[in-house]
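A.B. asks: Quick one: this structure, given as structure tokens, is what I'll be asking you about.
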Amino acid sequence: MVDGIRPKSLKKALEILSEQQFTIMASGTDLMVQRARGFALAPEFEKPLLFIEHLSELKKIYIENDEIHIGACAILTDIMHSEIIPPVLKDIIGQMASPPTRNMATLAGNICNASPAGDSLPYLYAVDAKIVLQSSDEKRTMHVSEFITAAKKTVLKANELVTDIIIPNKVYSHNVYRRLGQRKGMSLTKASLLGMADIEEGKIIDIRIALGAVSAIIARSKEIEESLKNKKTEDLKTDVAEILAKYDPLIKPIDDARSTAKYRKKVSLNLIKDFLENLN
Amino acid sequence: MKIDFTLNNKEISIDVDANRRLLDLLRDDFGMKSVKEGCGEGECGACVVLVNGRSMNSCMLPAGAIIGKSVVTLEGFKHTERYKAIESGFLKAGSVQCGFCTPGFVISTESLLNENPHPTDDEIKEALSGNLCRCTGYNMIVKGVRLAIEMGEGLW
Amino acid sequence: MKQPISKSIIRVDSRAKLRGEAQYVSDWEFENMLYARTFRSTKAKAKILSIEIPDIPEGYFIVDKNDVPGVNRMRTVVSDHPLFAEDNVQYIGQPILLVVGPDREGIDSIYSQIKPEYQEETPLLTLEEAEKHSKVFTDYNYKKEDPEKAFANAHRIIEDSFSTGYQEHVYLEPQGIAAEFKDDTLFVYGSMQCPFYVEGALMDAMDMPKEKIRVVQTVTGGAFGGKEEFPSLNGCHVAIAAKKTGHPVSMIYDRDEDILCSTKRHPSKVRFKAALDENDDLVGLDIDVLLNAGAYNGLSPVVLQRAIFSATNVYHIKNLNVRGRNYMTNVLPSGAYRGFGAPQTIFAIEMLFYNIAKKLGVDPLEYKMRHLLKQADSTCTGGCVREEVKMPEIIEKIVKSSDYYNKLKNNKKYQGIGISLFLHGCGFTGKGESVINGKIELIKNKDIVTFKVSSVEMGQGAETVLRKIVAETLEIPIEKVIYETVDTGKVPDSGPTVASRTTMIVGGLLQKTAMQMKERWDDLENLELTNNYKQPKYLSWDDENFRGDCYPVHSWGANVAEVEIDPVTYELTVKKLHAVFDVGVPIDERALIGQMEGGVVQGVGWATIEVMGSDLGRLKQANLTDYKIPTSMDVPEIDCDFVLNPYEFGPFGAKCAGELSFVGSPPAVAAAVAHAMGKAINHLPITPEVLMEMDNED
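Protein chains in written order, with the numbering used here: chain B, 1 to 280; chain L, 1001 to 1156; chain R, 2001 to 2698.
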């Protein structure tokens, strides 16, 4: 028998976590399917479940010091409807899973699942999102790329919870999000591109490019982005081959049930090219 | 684990394994057979129910996560005026064929209209995209939602 | 002009389904019911050396080959599939035994401790390998006129080949079945198309007489062919388990198990050699059809028959040499799926015509129309096209409504429009209807009329359509017409619910009988009438040589697809679909449009996103996360229209419709993509991955 605990507060949840090991359960959209055992059978868990989705401390969405804080258990639908969320992130969330799943799933769940196909990750990597982790005696904040160490692996300790995701309160002048699935309705991502840039008087002031599902986690290069800064957008067309050549080695996709490595590679490069060539 | 929640507006208090799927709880423990298992992995929407007014996949929802929430299935929803409008729209449009997906589509329609009483056709299609139907090709379901909106004007 | 019968009514089954009150077999509960779960092979080909079974707690049972009272084979066209594996397994997913018990957790615990020991053997995994090793299950051949001469005199010879992949039915309700004994009578309840097929299979497996078996169809959540022969297998499983345990036994598959072991559409390869005369007319065709039947032949021979009899589609080809082969591979058995072999060959010949026309520099539609069958022409098997062929009217209508030629002039790369022409032979192939000899009963009790047939409602609208036919014929309200529960103990065998035969054959028989009843309506309070189906006298068929009329009549149609391909991502969008059908007379227009749109969309799915491959005998897309069918967001507007062409022997002039809906959209989409890309499309599905390779190959 797998038992569960539903603490009344975040504080209580962290106390319990410091005493015993749990499987942390928000709404179950990933875990319940990963552990599914078939018709009319309950998914199996080795550890008892700690239910946290109801914790009001973890559901807040607010701005502080010009940063947007998204509570770990804020529901995707609510994030999508929040007025303070940048439009491109709303667009991304609006393409995740399906409406009933978005009514349950949390952003922290997508992050903790740490899948290269996780749809929120290109954005979080691109904006250098911070993840706040808390245990009963420590609070630490780190960059998302430090939090996720490999596919399916994070630094989350057994006594910790993700409590907040922090993103800059910033909207870029140019935003492109393209997600490729096997169909237009709900599907897992086979490749994706998030491109954002600030352009002033035809010059790139800031640029972010992140690719999903084509590398061990998310492909992004600050170095290449740096090299694009101060470039005139009208020069991008002539330079694009050179830029793509730099991205090429970062894109290391695989063959699987949903697509081919060859397609993912080619299309990821096409998407970067298309993004850059249309900046003006 | 002790689970207190409301099911079709009735207060329920039970002791069950926390990892039980809401789907199984509803079907096996409460006889709510309108809730169907079509895939068990959140892909088909046949098990969708309303939780606090919103559609959710009951195959992915553990029992422990519904504490304090209001769960509504068709067994409860079918007595409402809103249901009657949806039923009329679906009947008139020919939205029902084999019927296995139908309860899920009804619930998703309610969830959509609850949030957005005047959706465009594209918004309807988007809202129903978590429900698979293999019989109709969907256009007659979209039309059913359209008719439900007309017939149920003012209900949402 | 619209016929009165075509006027739509509210489907009689829809209210209960909307309210969630319809009882599918997974909703049924029996007293002291046990559950069953199937233990399956994980090897593509192996000898079973031993099976280690853990200690079985009281109340639990293992059911295997030793428990089969009768023959351990599933009765179908070729009864080669063991109900439970004997000393070997031939595919991953093959049933070996059942674990049966009162609690699903208990079953799971036993299941996880079963340890088979296999000696693996080298499997044949693909159609190509099977062809190389000549693992042929069935080899058919038929000829028309003098193909050798046509090729010897050919002005030009063109060769081409086409292939298609698997398709999974994804009926929303997974397979489910239950059995119980009441006294010494066996009851089997389940989601199925063909209760009498199940009955036949049970007679063999249980060694029981027909009189002691009742097969009851429960509300069926979609089938599309997937519940044609398969319930004969799981039906025998639960019956054997019920006998051994003395309890009712229910076995409901979850989606993954359903995909793992239930039949699929046959992957195909079709090779053509075409002889063109001095006018570039196609006067001779050599057609070679290969189907991947999987590990057991089952009903693949009849699928192959429809495939080769549909291979010339709507075209009149004077000289023919047609060969068809089913190949054995160590992959799960292929089986019935809407269209039954015809979608594979119709896709192939539609694209053959397209490719030849392109090669000749002529308009594909014009080239197709040069070869259209006309009334009184001979069919591919030398039968006669007796009905009026309204293809010119259909084509005129669809060309106009879709603005086909104007859009065809658009030479923008990545945008395309394509047209397909097609037919479907109504009812069983060849002598099928005579063999089945479908029987119906019509019973008048005062002003209530009950009809008894074995044709099931599985979502396609049979209950509404059949009740409507009886009500309209008798001129009584539809509420006064009762459709008897399909229970083999109560209804006569009107044949299986397959081959698009329900409306035309069974409905026709009901209409005929209702007319007889009407004549005596006022004379008698109670009246029982039965009738058996008789083939129209004009039909002749030689089953040995495949000569004559393989179908009594055909339904016809044309589809137009408009597509767009994203030049950056190669994503394919079907922007609009147009469809015009000749199904004789629509019995209920809205119900019919529901069928047609649903079939068109299934066809688009097969042609575009529904990728299913196997690797070492294991399906690569084995759940609904990986195997994708269209959602509401993937479906364009569909413009659906009909031309009237009443058929003398159909009820109110109706012909067949259910499968016709499927066959046209795949070649229409393929032609549109060919137009958009300027390249030939010889394979389905057309994925972005394929389009990317195609666009970058020069």
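Just so you know, even glycine gets a beta-carbon here, dropped at the ideal spot from N, CA and C.
Using CA coordinates, which residue listed in B:LYS12, B:LEU271, B:LYS273 is at the minimum distance from B:SER136?
C.D. replies: Of the listed residues, the one whose Cα sits closest to B:SER136 is B:LYS12.
A.B. asks: Taking the CB atoms as reference points, tell me whether R:ALA2579 and R:GLY2664 lie closer together than 8 angstroms.
C.D. replies: Taking 8 angstroms as the Cβ cut-off, R:ALA2579 and R:GLY2664 qualify as a contacting pair.
A.B. asks: According to DSSP, simplified to helix, strand and coil, what is B:LYS266?
C.D. replies: In the structure shown, B:LYS266 sits in a helix (DSSP, three-state: H, G or I).
A.B. asks: Please look up how many angstroms separate the CB atoms of R:ASP2549 and R:LYS2431, rounded, as I've assumed it's under 8 angstroms.
C.D. replies: Between R:LYS2431 and R:ASP2549 the Cβ distance is about 10 angstroms, and since that is not below 8 angstroms, they are no contact.
A.B. asks: Hey, how far is the Cα of R:ASN2319 from the Cα of R:VAL2362?
C.D. replies: Near 23 angstroms, if we compare the C-alpha coordinates of R:VAL2362 and R:ASN2319.
A.B. asks: Taking just the CA atoms, how far does L:GLY1089 sit from L:MET1140?
C.D. replies: Straight-line Cα distance between these residues: approximately 10 angstroms.
A.B. asks: Just to make sure I have the definition right: I need the residues of chain R whose C-beta is within less than 9 angstroms of the C-beta of L:SER1055. Which are they?
C.D. replies: Per Cβ cutoff of 9 angstroms: no residues; L:SER1055 is ~14 angstroms from chain R at best.
A.B. asks: Ends of the beta strand (DSSP E) at R:ARG2214?
C.D. replies: It spans 2213-2217 - the beta strand (DSSP E) in which R:ARG2214 sits, taken as one unbroken run.
A.B. asks: Quick check: R:MET1950 and B:GLY185, are their CB atoms within less than 8 angstroms of each other?
C.D. replies: This structure cannot settle anything about residue 1950 of chain R, because the visible part of chain R is limited to 2001 through 2698.
A.B. asks: Who are the near neighbours of B:ARG208 in its chain, counting only those whose CB is closer than 8 angstroms to its CB and skipping five residues on each side?
C.D. replies: Closer than 8 angstroms at the Cβ level, and outside the excluded window around B:ARG208, lie ALA126, VAL127, TYR172, LEU194, GLY195, MET196, ALA197, ARG220, GLU225.
A.B. asks: Below 6 angstroms CB to CB, which residues in the same chain sit around B:TYR139 once its five sequence neighbours on both sides are set aside?
C.D. replies: Note on residue identity: the sequence assigns Lys, not Tyr, to residue 139 of chain B. Closer than 6 angstroms at the Cβ level, and outside the excluded window around B:LYS139, lies no residue.
A.B. asks: Might you give, ordered along the chain, the residues of its own chain that have their beta carbon closer than 7 angstroms to the beta carbon of R:PRO2636, omitting 5 neighbours on each side?
C.D. replies: If we look at R:PRO2636 and ignore the five residues flanking it on each side, its Cβ neighbours are VAL2574, LYS2575, LYS2576, LEU2577.
A.B. asks: Roughly how many angstroms separate the alpha carbons of R:SER2378 and R:THR2464, rounded to a whole number?
C.D. replies: So the two alpha carbons sit approximately 36 angstroms from each other.
A.B. asks: Looking at chain L, which residues of the region 2567-2597 of chain R have a Cβ within less than 7 angstroms of any of its Cβ atoms?
C.D. replies: The region 2567-2597 of chain R vs chain L, Cβ under 7 angstroms: ARG2590, ALA2591, GLY2594, GLU2597.
A.B. asks: Verify the CB distance criterion: does R:ILE2609 have a CB-CB separation below 8 angstroms to chain B?
C.D. replies: Interface residue, yes.
A.B. asks: According to DSSP, is R:MET2328 part of a helix, a strand, or is it coil?
C.D. replies: Three-state result, R:MET2328: strand.
A.B. asks: So, under 8 angstroms CB-CB, L:VAL1071 and L:SER1108 are touching, yes? Tell me the CB distance rounded to an integer number of Å.
C.D. replies: So it is not a contact: roughly 15 angstroms between Cβ atoms.
A.B. asks: Can you check DSSP and say which residues form a bridge with R:GLU2589?
C.D. replies: DSSP lists no partner for R:GLU2589.
A.B. asks: Could you tell me whether any Cβ in chain L is nearer than 8 angstroms to the Cβ of B:LEU49?
C.D. replies: True, the Cβ-Cβ gap to chain L drops below 8 angstroms.
A.B. asks: Sorted by chain position, which residues of the same chain lie with C-beta nearer than 8 angstroms to R:GLY2235's C-beta, five sequence neighbours on each side aside?
C.D. replies: Here the set comprises ILE2177, ALA2179, VAL2188, GLY2190, MET2192, VAL2198, ALA2201, LEU2202, VAL2215.
A.B. asks: Across which residues does DSSP place B:HIS69 in a beta bridge pair?
C.D. replies: Partner(s): B:TYR62, B:ILE166.
A.B. asks: List the residues of chain R whose Cβ lies closer than 8 angstroms to the Cβ of B:VAL267, in chain order.
C.D. replies: VAL2568, THR2569, TYR2570, PRO2688, MET2692, listed in chain order.
A.B. asks: Tell me which residue opens and which closes the alpha helix (DSSP H) that R:TYR2197 is part of.
C.D. replies: First-last of the alpha helix (DSSP H) with R:TYR2197: 2195-2206.
A.B. asks: Determine whether the Cβ of B:ASN65 lies closer than 8 angstroms to any Cβ atom of chain L.
C.D. replies: By this cut-off, B:ASN65 is not an interface position.
A.B. asks: Please report whether the beta-carbon of B:ALA97 lies at a distance below 8 angstroms from any beta-carbon of chain R.
C.D. replies: Not an interface residue.
A.B. asks: Within a Cβ cutoff of 7 angstroms, which residues of the same chain sit near B:ASN230, ignoring the five residues on either side of it in sequence?
C.D. replies: Correct list, in chain order: LYS203, ILE204.
A.B. asks: Do the region 2293-2308 of chain R and the region 2327-2343 of chain R touch if we need at least three Cβ pairs shorter than 8 angstroms?
C.D. replies: Output reads yes: the region 2327-2343 of chain R touches the region 2293-2308 of chain R.
A.B. asks: Count the C-beta pairs between the region 2414-2424 of chain R and the region 2668-2679 of chain R that are closer than 8 angstroms, then say yes if the count reaches three, no if not.
C.D. replies: Output reads yes: the region 2668-2679 of chain R touches the region 2414-2424 of chain R.
A.B. asks: Consider the Cβ of B:PRO100: report whether some Cβ of chain L lies at a distance smaller than 8 angstroms.
C.D. replies: Closer than 8 angstroms to some Cβ of chain L, the Cβ of B:PRO100 qualifies, so yes.
A.B. asks: Is the shortest distance between the beta-carbon of L:GLU1041 and the beta-carbons of chain B less than 8 angstroms?
C.D. replies: Yes, L:GLU1041 counts as interfacial toward chain B.
A.B. asks: On the three-state DSSP scale, how would you describe B:PRO87?
C.D. replies: In the structure shown, B:PRO87 sits in a helix (DSSP, three-state: H, G or I).
A.B. asks: Would you say R:GLY2418 and R:ALA2672 are within 8 angstroms of each other, going by their C-beta atoms?
C.D. replies: Going by C-beta atoms, R:GLY2418 is nearer than 8 angstroms to R:ALA2672.
A.B. asks: Contact criterion: CB-CB distance below 8 angstroms. Does R:THR2631 meet it with respect to chain B?
C.D. replies: Answer yes: the Cβ-Cβ gap between R:THR2631 and chain B drops below 8 angstroms somewhere.
A.B. asks: Given a limit of 7 angstroms on CB to CB distance, which residues of the region 181-203 of chain B reach chain R?
C.D. replies: Under the 7 angstroms Cβ criterion, the region 181-203 of chain B contributes GLN182, ARG183, LYS184, GLY185, MET186, SER187, LEU188.
A.B. asks: Could you spell out the range, first to last residue, of the alpha helix (DSSP H) harbouring R:GLN2415?
C.D. replies: Premise fails: R:GLN2415 lies in the beta strand (DSSP E), 2415-2425, not in any alpha helix (DSSP H).
A.B. asks: By Cβ distance, which residues of its chain are closer than 6 angstroms to R:SER2079, with the 5 residues on each side in sequence left out?
C.D. replies: ARG2073.
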